[in-house]
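Novice:
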Amino acid sequence: MAHTLLTKLSHLGTATCDELHPRAPVALPPIRTSTVRFNSIDDLHDTYKRQAAGERIVGYGRMGMETHAAFEQIMCELEGGKRAFLAPSGLNAISMALLSLLSAGDHMLVADCVYGPVRQLDDTVLKRMNISSTYCSMRDMAILELNIQPNTKLIYVESPGSLLFEMLDLPAIVEVAKKHNLLVVTDNTWGSGIAYRPLDLGADVSVVAVTKYIGGHSDLLMGAVVAKNDSVIKQIDTNQYALGFSTSADDAWLAIRGVRTIDVRMKRQAESTLKVCEFFNQQAETLQIYHPAYEKDQNHALWKRDALGSNGMLSVALNFTKAQTKVFVEALELFSIGYSWGGYESLVDMVNTDFLKKHAYWNADYPSLVRMHIGLESVDDLIADYEQALTKARAVKW
Ligand SMILES: *Cc1c(COP(=O)(O)O)cnc(C)c1O
Numbered sequence: 048m049a050h051t052l053l054t055k056l057s058h059l060g061t062a063t064c065d066e067l068h069p070r071a072p073v074a075l076p077p078i079r080t081s082t083v084r085f086n087s088i089d090d091l092h093d094t095y096k097r098q099a100a101g102e103r104i105v106g107y108g109r110m111g112m113e114t115h116a117a118f119e120q121i122m123c124e125l126e127g128g129k130r131a132f133l134a135p136s137g138l139n140a141i142s143m144a145l146l147s148l149l150s151a152g153d154h155m156l157v158a159d160c161v162y163g164p165v166r167q168l169d170d171t172v173l174k175r176m177n178i179s180s181t182y183c184s185m186r187d188m189a190i191l192e193l194n195i196q197p198n199t200k201l202i203y204v205e206s207p208g209s210l211l212f213e214m215l216d217l218p219a220i221v222e223v224a225k226k227h228n229l230l231v232v233t234d235n236t237w238g239s240g241i242a243y244r245p246l247d248l249g250a251d252v253s254v255v256a257v258t259k260y261i262g263g264h265s266d267l268l269m270g271a272v273v274a275k276n277d278s279v280i281k282q283i284d285t286n287q288y289a290l291g292f293s294t295s296a297d298d299a300w301l302a303i304r305g306v307r308t309i310d311v312r313m314k315r316q317a318e319s320t321l322k323v324c325e326f327f328n329q330q331a332e333t334l335q336i337y338h339p340a341y342e343k344d345q346n347h348a349l350w351k352r353d354a355l356g357s358n359g360m361l362s363v364a365l366n367f368t369k370a371q372t373k374v375f376v377e378a379l380e381l382f383s384i385g386y387s388w389g390g391y392e393s394l395v396d397m398v399n400t401d402f403l404k405k406h407a408y409w410n411a412d413y414p415s416l417v418r419m420h421i422g423l424e425s426v427d428d429l430i431a432d433y434e435q436a437l438t439k440a441r442a443v444k445w
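Number 88 in my numbering belongs to position 41 of the sequence shown; there are no gaps in the numbering.
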């Protein structure tokens with residue numbers, strides 16, 4: 048019987064309960080080990096053989112035991128991939144994907160809206176290995192094609208983008224990539240397999256910061272790289288092994304625990320965020336609201352066509368001086384100041400507008416940008432909090 052994703056999220060990776068195990072817990076326990084024991088030399092040799100053939104079979108603790116394997120399977124279902132590889136953080140998942148797929152002399156095209164630290168990975172590691180990159184807006188396919196070089200190997204995108212949640216036309220980007228024989232790697236932390244599924248839209252590799260919506264409780268750092276075709280899977284598999292990436296069984300267990308409720312959490316957060324968009328739409332200081340699920344967002348039509356849902360992330364450009372914006376952000380009582388997201392709690396950050404200059408999508412005439420994550424609190428309480436904080440900011444005389 049074929050089950051839908053939601054059913055699988057509740058049933059995959061539970062502890063076995065059958066004739067051999069007539070009493071069992073619901074959750075698979077975290078299986079911690081460094082050393083794996085083999086019943087015989089034949090079993091050890093059989094393991095080597097099957098590993099060499101690409102099978103995901105346990106031979107040593109670094110590659111993860113049953114808890115990890117269960118979470119990898121859940122990640123495959125979430126993202127629509129064939130193999131998932133775990134990394135100790137989201138940024139590590141990005142570096143694993145890029146170090147696996149790029150070699151000295153290669154060039155990659157990067158969307159200018161990607162997660163900031165990618166530029167650091169690029170500047171400090173990739174450049175040193177003679178891997179070059181070009182950052183560009185990926186809204187215009189003609190510009191994208193113009194930036195392709197003879198040694199371009201890969202297009203790296205994040206849709207919607209970090210900071211401004213700029214929805215990209217991923218199927219169009221994939222078409223350009225196919226024409227030029229390039230791989231498409233996406234950061235799907237925003238969609239996390241629930242709200243957006245890049246592999247279904249043609250991407251080759253989806254990287255997800257499990258840290259955010261999948262973990263869901265701001266207490267876990269983990270990343271995953273999910274791939275769907277065999278040659279890419281083999282490349283990542285051998286590189287992940289060679290680079291020695293490893294994640295703890297306790298973290299894999301927490302990730303499984305988090306993912307059970309991802310759909311209801313994201314739906315509630317998305318619903319509250321639309322109400323927050325409506326609220327900001329009514330405020331005189333609001334210059335622009337960045338949240339693709341909101342009908343007034345510039346890319347709402349693309350969101351409607353390609354996304355399956357939304358989440359609690361939004362940014363609002365405010366016609367406030369920096370001093371007023373700071374008062375607004377600091378006056379909020381229910382929002383912690385912080386730049387992560389995906390947990391159950393609301394967060395707010397005053398984005399450095401100098402950094403936004405790197406994004407073609409940003410309107411440099413706007414004086415300030417506030418980025419927010421809407422948590423699971425009552426949205427009425429959050430809106431009341433905005434009201435009192437806006438009153439304080441308005442009272443600031445420049
Ligand atoms: C947070 C984040 C990452 C990095 O995840 P970490 O686990 O914090 O390293 C990568 N991409 C996006 C879009 C993120 O928001």
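Even glycine gets a Cβ: it sits at the ideal position worked out from N, Cα and C.
Under the criterion of a Cβ to heavy atom distance below 7 Å, does Ser387 qualify as lining ligand 1?
Specialist: Yes; taking the cut-off as 7 Å, the Cβ of Ser387 has a heavy atom of ligand 1 nearer than that.
Novice: Using beta-carbon positions only, say whether Ile178 and Met143 come within less than 8 Å of one another.
Specialist: No, the pair does not count as a contact, with Cβ atoms beyond the cut-off.
Novice: Which term fits Ala158, buried or exposed, when burial requires 16 or more other beta carbons within 10 angstroms of its beta carbon?
Specialist: It counts as buried.
Novice: Determine, using beta carbons only, whether His115 and Ala289 come nearer to each other than 8 Å.
Specialist: Result no, Cβ atoms of His115 and Ala289 do not sit closer than 8 Å.
Novice: Just tell me which of Asp284, Asp266, Tyr260, Tyr413 has its CA closest to the CA of Ile421.
Specialist: Ile421 has its Cα closest to that of Tyr260, out of Asp284, Asp266, Tyr260, Tyr413.
Novice: Which ranges does the alpha helix (DSSP H) cover as unbroken runs of at least 4 residues, wholly within the segment 364-418, from first to last along the chain?
Specialist: The segment 364-418 contains these whole alpha helix (DSSP H) runs: 369-378, 400-403.
Novice: For Thr372, count neighbouring Cβ atoms within 10 angstroms of its own Cβ and tell me buried if that reaches 16, exposed if not.
Specialist: Counting Cβ neighbours within 10 Å, Thr372 comes out buried, since at least 16 surround it.
Novice: For ligand 1, I want to know if Gly137 counts as a neighbour, meaning its beta carbon is within less than 7 Å of at least one of the ligand's heavy atoms.
Specialist: Yes, the Cβ of Gly137 comes within 7 Å of a heavy atom of ligand 1.
Novice: Identify whether Thr61 lies in helix, strand or coil by the three-state DSSP scheme.
Specialist: Three-state DSSP puts Thr61 in a strand.
Novice: On the DSSP letters alone, give me the boundaries of the alpha helix (DSSP H) that Ser357 sits inside.
Specialist: Counting along the chain, Ser357 falls outside any alpha helix (DSSP H), and DSSP gives it neither H nor E.
Novice: Would the C-beta of Gly422 count as close to ligand 1, meaning under 7 Å from any of its heavy atoms?
Specialist: No; taking the cut-off as 7 Å, the Cβ of Gly422 has no heavy atom of ligand 1 nearer than that.
Novice: Can you round the beta-carbon distance between Lys118 and Ala302 to whole angstroms, since I take them to be within the 8 Å contact cut?
Specialist: Just to set this straight, residue 118 is Phe in the shown sequence, not Lys. Rounded, the Cβ-Cβ distance is 5 Å, consistent with contact.
Novice: Which residues in the same chain as Phe367 place their Cβ atom closer than 8 Å to its Cβ, once the five residues preceding and following it in sequence are excluded?
Specialist: Excluding positions up to five away in sequence, the list reads Glu332, Phe375, Pro414, Ser415, Ala440.
Novice: Counting C-beta neighbours from all protein chains within 10 Å, is the total for Ser209 16 or more, i.e. buried, or is it exposed?
Specialist: Buried, by the Cβ-count rule.
Novice: Ala364 and Gln335: beta carbons closer than 8 Å?
Specialist: Going by C-beta atoms, Ala364 is nearer than 8 Å to Gln335.
Novice: Jot down the residue ranges of each uninterrupted beta strand (DSSP E) in the segment 235-285, minimum 3 residues, whole runs only, in chain order.
Specialist: Counting whole runs of 3 or more residues, the segment 235-285 contains the beta strand (DSSP E) stretches 252-256, 270-274.
Novice: Identify which residue in Met185, Gly128, Pro135, Met110 has its Cα closest to the Cα of Leu267.
Specialist: When each option's Cα is compared against that of Leu267, the closest is Pro135.
Novice: Ends of the alpha helix (DSSP H) at Tyr95?
Specialist: Element bounds for Tyr95: 88-99.
Novice: Is the closest heavy atom of ligand 1 to the C-beta of Ser295 under 7 Å?
Specialist: Ser295 Cβ: outside cutoff for every heavy atom of ligand 1.
Novice: Are three or more beta carbon pairs between the segment 240-260 and the segment 119-139 nearer than 8 Å?
Specialist: Counting Cβ pairs under 8 Å, three or more are found: they touch.
Novice: Just how far apart, CA to CA, sit Ile195 and Ala131?
Specialist: If you take the alpha carbons of Ile195 and Ala131, they lie about 29 Å apart.
Novice: Assuming Val273 and Ser295 form a contact by the criterion Cβ under 8 Å, report the distance between their Cβ atoms to the nearest whole angstrom.
Specialist: The Cβ separation is near 20 Å, so there is no contact.
Novice: Say yes only if the C-beta of Ser209 is nearer than 7 Å to one or more non-hydrogen atoms of ligand 1, and no if none qualify.
Specialist: Answer for Ser209: yes, Cβ within range of ligand 1.
Novice: In whole angstroms, what separates the C-alpha of Ala256 from that of Asp412?
Specialist: Whole-angstrom Cα-Cα distance: 32 Å.
Novice: Would you kindly check if the distance between the Cβ of Val223 and the Cβ of Leu246 is under 8 Å?
Specialist: No. Outside cutoff.
Novice: Taking DSSP as the reference, what is the three-state secondary structure of Arg130?
Specialist: Strand, per DSSP.
Novice: Quick check on the DSSP output: the beta strand (DSSP E) that includes Tyr337 runs from which residue to which?
Specialist: Per DSSP, Tyr337 belongs to the beta strand (DSSP E) from 333-337.
Novice: Mind checking which residues open and close the alpha helix (DSSP H) that includes Ala453?
Specialist: The structure shown has nothing for residue 453, since the chain only spans 48 to 445.
Novice: Rounded to the nearest angstrom, how far is the Cβ of His347 from that of Phe212, given a contact under 8 Å?
Specialist: So it is not a contact: roughly 11 Å between Cβ atoms.
Novice: From Leu133 to Arg304, what distance separates their C-alpha atoms?
Specialist: Their Cα atoms are separated by approximately 16 Å.
Novice: For Cys160, report the span of its beta strand (DSSP E) as first-last.
Specialist: Element bounds for Cys160: n/a, residue is neither H nor E.
Novice: Given a cut-off of 8 Å on the beta-carbon distance, is the pair Val172 and Asp234 in contact?
Specialist: Their beta carbons are not under 8 Å apart, which means Val172 does not touch Asp234 by this criterion.
Novice: Going by beta-carbon coordinates alone, are Leu229 and Thr199 separated by less than 8 Å?
Specialist: Yes, the Cβ-Cβ distance between Leu229 and Thr199 is below 8 Å.
Novice: Candidates Phe327, Glu102, Asp401, Val232: which alpha carbon is nearest Lys281's?
Specialist: That would be Glu102, whose Cα lies nearest to the Cα of Lys281.
Novice: Where does Gln167 land, buried or exposed, given buried means 16+ other C-beta within 10 angstroms?
Specialist: Gln167 comes out exposed.
Novice: Return yes when at least one heavy atom of ligand 1 lies under 7 Å from the C-beta of Ala158, else no.
Specialist: Flag unset: Cβ of Ala158 not near ligand 1.
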